[in-house]
Amino acid sequence: MLVWYLRFPTLLLAFLWFLAGSGLAQAPPAPPVPAPTPPTPASAPPAVPPMPLTVMVVDVQALLQNSKAAKMVRGQIEQKRNEYTKEISHQEETLRAERDSLQRQQASMSADALNQKGREFQQKVNDLERNVQGKRQALEKSNGDALSKIQEQMLKIIADIARDRKANLVFQRADLVLFDQSFDVTDEVLQKLDELMPALTVDFAVPTPPPAPPGPAATAAQPAPNAPAKPKKK
9 MLVWYLRFPT
19 LLLAFLWFLA
29 GSGLAQAPPA
39 PPVPAPTPPT
49 PASAPPAVPP
59 MPLTVMVVDV
69 QALLQNSKAA
79 KMVRGQIEQK
89 RNEYTKEISH
99 QEETLRAERD
109 SLQRQQASMS
119 ADALNQKGRE
129 FQQKVNDLER
139 NVQGKRQALE
149 KSNGDALSKI
159 QEQMLKIIAD
169 IARDRKANLV
179 FQRADLVLFD
189 QSFDVTDEVL
199 QKLDELMPAL
209 TVDFAVPTPP
219 PAPPGPAATA
229 AQPAPNAPAK
239 PKKK
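The structure is reproduced here in structure tokens:
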């Protein structure tokens, strides 16, 4: 429902009309003279009618959840995440077995050898942590790039619908508490989005582990994890 606002004359013009209509602007009774002609509305600048307000509402989150392209992206991201999870789990098991082996050998190793093995093991742990971080960042970038393509196509569709409806204001559904459902064009956008982008292949970024921190690691001089210090010989 559109609300039309009427533009009223200025206060000065209204006041002159009031003077002319009430007789306060008339000349004294003797001698009679014609009353001054009040300014006509035609002398005022022509009033510009306000632009009618046409509103559209779009549920962007629903589109990114229910569109065919978005569902395909989620499936590919989840598959790649499972692959990374299995790979990392295998590396963790390998490190766990190496740690246990190192703990069993500590009694027969010198302090220097034990410290060297401990440094090497800690380096492998640090490398795995950076590897996990690199994979997580690569997944986030791949997912973000794919969703950006969907959003770009979505905005074009919304702009076309707004132009057809002569809408001059578009709201996201998440920003509104209550609105007339006739303003909601989400289903129309979803239908066109599925027609124009029925599928989308994710271009996965190559995981790149972040660089190792400069300087020696804080645990470089420590023995193997959970290994008690070797007693000194008397």
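Our numbering runs 8 ahead of the 1-based position in the sequence shown.
Cβ coordinates follow ideal geometry from the N, Cα and C atoms, glycine included.
Values in this document were obtained by computation on a predicted structure and should not be read as measured data.
query: Pair within 8 Å by beta-carbon distance, Leu136 and Leu103; result: yes
query: Status (buried if at least 16 other CB within 10 Å, exposed otherwise) for Leu208; result: buried
query: Whole-angstrom distance between Asp183 and Val63, CA atom to CA atom; result: 14 Å
query: Inter-residue CB distance, Ala213 and Lys149 (contact presumed, cutoff 8 Å); result: 5 Å
query: Whole-angstrom distance between Val133 and Phe179, CA atom to CA atom; result: 49 Å
query: The stretch 190-203 touching the stretch 122-132, judged by at least three CB pairs closer than 8 Å; result: no
query: Length at least 3, wholly inside the stretch 113-191: the beta strand (DSSP E) runs in chain order; result: 177-180
query: Cβ neighbour criterion (16 or more within 10 Å) applied to Met59; result: exposed
query: Residues near Arg173 by beta carbon distance below 7 Å, same chain, minus five either side; result: Thr62 and Met64
query: For Val210, the first and last residue of its enclosing beta strand (DSSP E); result: Element bounds for Val210: n/a, residue is neither H nor E.
query: Cα-Cα separation, Ser30 to Ala55; result: Low per-residue confidence applies at Ser30: pLDDT is 40, beneath 50, and the placement is therefore not dependable enough to give any value.
query: Gln111 versus Asp67: straight-line alpha-carbon distance, rounded; result: 57 Å
query: Member of Gln189, Asn90, Asp108 and Arg181 whose CA lies at the smallest distance from the CA of Lys143; result: Asn90
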